[in-house]
Every structure is written in C-alpha cells, then in structure tokens.
Amino acid sequence: MTNDTPVSELSFEAAMTELEKVVGQLENGQVPLEESIALYQRGAELKKHCEAKLKAAEEKVAQITLDGEGNPAGLKPVEGL
-10 MTNDTPVSEL
0 SFEAAMTELE
10 KVVGQLENGQ
20 VPLEESIALY
30 QRGAELKKHC
40 EAKLKAAEEK
50 VAQITLDGEG
60 NPAGLKPVEG
70 L
C-alpha cells in the first residue's frame, strides 16, 4: 500500500515519489474502496507537504541578494523565519 513513514519526516523528493505512486494506484482503479480512501488521504497529506516544502524553498531563493554584476552576494533576513 503506502509508506508508513510520517509525511512530515519525508524529504521533498521522497514525498513526490510516493505521491506519484499513490496517483498511479488510484488512476489504475484496481484498488479496493477502503484502500482507495486511505491512498487518497495519504496523497492529500503528501501534496500539502510538497507544497509547503516548495514554498519554503521559494522564499529562501527570493531572499538571495545580488551584487551589481548580478552575482549572489548574500541573503536578506526573512521575517518570521
């Protein structure tokens, strides 16, 4: 069925890989109803986790400061992090 590792402990890559497997199983249609429900719930958790990881990465990238020549020069402090 699915990985028993808590979603919060998965890296972005591991969560995305598992989400792809979940989607594949659901699209296949060969999974019993109860298992489909559990897969859907796990998939929703994985999607939320991946979105949060992406948002955090985007915020970090947005804070990179560039020098006059366009080269990375440091980071601006991010409020709330």
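Everything in the sequence shown is counted per our numbering, starting at -10 for the first residue and increasing by one. Just so you know, even glycine gets a beta-carbon here, dropped at the ideal spot from N, CA and C. Since the structure is predicted, the reported quantities are computational estimates derived from the model, not experimental observations.
Since threonine 6 is in the alpha helix (DSSP H), which residue starts that stretch and which ends it?
By 1-based counting over the sequence shown, the position of residue 6 is 17. Here the alpha helix (DSSP H) through threonine 6 covers 1 to 17.
Whole angstroms is fine: what's the gap from glycine 46's alpha carbon to alanine 4's?
Along the sequence shown, read from residue 1 onward, the residue named residue 46 stands at position 57. Along the sequence shown, read from residue 1 onward, the residue named residue 4 stands at position 15. Note on identity: in this sequence residue 46 is alanine, with glycine being the wrong assignment. Their backbone Cα atoms lie some 15 Å apart in a straight line.
Using alpha carbons as the reference points, say which of Gly63, Ala33, Leu43, Gln52 lies closest to glutamate 9.
Stepping through the sequence shown from its first residue, residue 9 is reached at position 20. That would be Ala33, whose Cα lies nearest to the Cα of glutamate 9.
Can at least three beta-carbon pairs, one atom from the region 11 to 19 and one from the region 28 to 43, be found at a separation below 8 Å?
yes
Within 10 Å of its beta-carbon, does leucine -1 have 16 or more other beta-carbons around it, so buried, or fewer, so exposed?
Translated into the one-based positions of the sequence shown, residue -1 becomes position 10. Its Cβ being crowded by 16 or more others within 10 Å, leucine -1 is buried.
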